[in-house]
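Novice: Position one of the sequence shown corresponds to residue 3 (our numbering), numbered consecutively onward.
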Amino acid sequence: MNMIHHLSLITIILFHTAIFRLASARVPLTACRSYCGNLTIDYPFALRPGCGHAGFRDLLFCVNGVLMMHIPSGSYRVLDIDYAYHGITLHDPAMSDCYTLDRSPKGRGNGFVVEPWRAVYLQPDQDNIFMLLGCRSGSPLFQGFPNKHLPCRSNVSGMSCDDYYRCPAWDGAGVRSSAYGNSNPPECCAVEPAAVRSINISHLQCEGYSSAYSVAPLRPPGPGAWTYGLRLSFSLPENNDGFCGACRSTGGVCGYDQYTHDDVCICGDWNSTSNCDSLGLTALAPRTELPCFLATLAACGTYYIFLHLLFLTCTFHFGCY
3 MNMIHHLSLI TIILFHTAIF RLASARVPLT ACRSYCGNLT IDYPFALRPG CGHAGFRDLL
63 FCVNGVLMMH IPSGSYRVLD IDYAYHGITL HDPAMSDCYT LDRSPKGRGN GFVVEPWRAV
123 YLQPDQDNIF MLLGCRSGSP LFQGFPNKHL PCRSNVSGMS CDDYYRCPAW DGAGVRSSAY
183 GNSNPPECCA VEPAAVRSIN ISHLQCEGYS SAYSVAPLRP PGPGAWTYGL RLSFSLPENN
243 DGFCGACRST GGVCGYDQYT HDDVCICGDW NSTSNCDSLG LTALAPRTEL PCFLATLAAC
303 GTYYIFLHLL FLTCTFHFGC Y
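(1) Thinking residue 143 and residue 100 are a contact (beta carbons under 8 Å), I'd like their distance in whole angstroms, please.
(2) With a cut-off of 8 Å, do at least 3 Cβ pairs link the segment 160-174 to the segment 71-80?
(3) Compare the C-alpha of residue 203 against each of 269, 70, 138 and name the closest.
(4) Is the segment 271-280 close to the segment 248-263, with three or more CB pairs under 8 Å?
(5) My output table needs one value for residue 87: the three-state DSSP class, helix, strand or coil.
(6) If we define contact as Cβ-Cβ less than 8 Å, is residue 103 a contact residue for chain C?
(7) Just to confirm, are residue 201 and residue 113 a CB contact at a threshold of 8 Å?
(8) Spatial neighbours of residue 38 within its chain, please: C-beta separation below 6 Å, excluding the five flanking residues on both sides.
(9) Within 10 Å of its beta-carbon, does residue 186 have 16 or more other beta-carbons around it, so buried, or fewer, so exposed?
(10) Are residue 232 and residue 89 touching if we call contact CB-CB under 8 Å?
(11) Which of helix, strand or coil does DSSP assign to residue 57?
(12) Please list the terminal residues of the continuous alpha helix (DSSP H) segment that includes residue 63.
(13) DSSP three-state label for residue 167, please.
(14) When the Cα of residue 94 is compared with those of 85, 194, 115, 206, which residue comes out closest?
(15) What's the gap between the Cα of residue 118 and the Cα of residue 74?
See the structure below:
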């Protein structure tokens, strides 16, 4: 009986070890990297899978201390993230500005295009003007009812192609006009981001583009004072409102489940669907620990059955006590 008791004790120890291993599998609270170069990476953005909000996963990457955004239309350097006003500013090296026209017959750069599922989280700011350059007459921009619903605008947020034509980049570029028709498109077509689904230069059959924005209450006096770049707005769904604040106030880190993409509050030893004071657990440990835990339980169970069979055999055949 002493041998059987000893083996049973080993089984109990193994079982409790498995439980402890699962409960103590930690997700470090410092795992969500919070900076790249001189830029702070905070919620809803992140550099590590499982951190931030799922709508911004696989979006930002820190390359040699430079923060980059990768989307279908290309890679852009992130110049600034304004968390107070939910704005993010990008630089596209293929974009024209007031001093350089970057154009080619096949188009250079692809403007701004995000995945359809991500468009609800990230889109150009309403104060951002896109000026499409050298678009062909067959461009989708100029198709539709004659003289109606044409997307080229004379003014977007106080900025226009007529203003842009005054830039030094246009010196020596020949006749410039904002008048257009299907047979004679303008050299510059100003559009609001909402006017077209995406600023896809190849699809729109243009030779290049420029983008400028203004976030100041007073509009800049001329195109030389415009800020050139891509100004984006980011947002979260209403059902996410307050989630991250509640998570942080209880000592957690805001993240998401990498399998379901649901919001989770990372609390070190466990994850919560609300905050670290709640018992709404999503998992006691990362999924990578579960196979080991289950395998250990299965081994313990098999071993326990073996002990009982051994005990019965010993009792009935050998008279063990």
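Glycine included, every Cβ here is placed at the ideal spot set by N, Cα and C.
On a predicted model such as this, the values are computed, not experimentally measured, just so you know.
Specialist: In short:
(1) What you label residue 143 is simply residue 141 of the sequence shown in a count that begins at 1. What you label residue 100 is simply residue 98 of the sequence shown in a count that begins at 1. No, residue 143 and residue 100 are not in contact; Cβ-Cβ is about 23 Å, not under 8 Å.
(2) no
(3) Indexing the sequence shown from 1 puts residue 203 at position 201. It is 138.
(4) yes
(5) As a working note, residue 87 is residue 85 in the sequence shown. Residue 87 falls in the coil class under three-state DSSP.
(6) Here chain C cannot be found, since the structure has a single protein chain.
(7) For the purposes of this step, residue 201 is taken as the residue at position 199 of the sequence shown. For the purposes of this step, residue 113 is taken as the residue at position 111 of the sequence shown. Yes; because the gap between Cβ atoms is below 8 Å, this pair is in contact.
(8) Stepping through the sequence shown from its first residue, residue 38 is reached at position 36. Closer than 6 Å at Cβ, skipping near neighbours: 64, 69.
(9) By 1-based counting over the sequence shown, the position of residue 186 is 184. Result: exposed.
(10) Taking the first residue of the sequence shown as 1, we reach residue 232 at position 230. Taking the first residue of the sequence shown as 1, we reach residue 89 at position 87. Taking 8 Å as the Cβ cut-off, residue 232 and residue 89 do not qualify as a contacting pair.
(11) Locating residue 57 in the sequence shown gives position 55, where the first residue counts as 1. Of the three classes helix, strand and coil, the one that applies to residue 57 here is helix, per DSSP.
(12) What you label residue 63 is simply residue 61 of the sequence shown in a count that begins at 1. It is not in any alpha helix (DSSP H) - residue 63 instead sits in the beta strand (DSSP E) that spans 62-65.
(13) Reading the sequence shown from its first residue, position 165 is the one you call residue 167. In this structure, residue 167 counts as coil in the three-state DSSP scheme.
(14) One-based indexing of the sequence shown puts residue 94 at position 92. The shortest C-alpha separation from residue 94 is found at 115.
(15) Translated into the one-based positions of the sequence shown, residue 118 becomes position 116. Translated into the one-based positions of the sequence shown, residue 74 becomes position 72. If I take the Cα positions, the gap works out to 10 Å.
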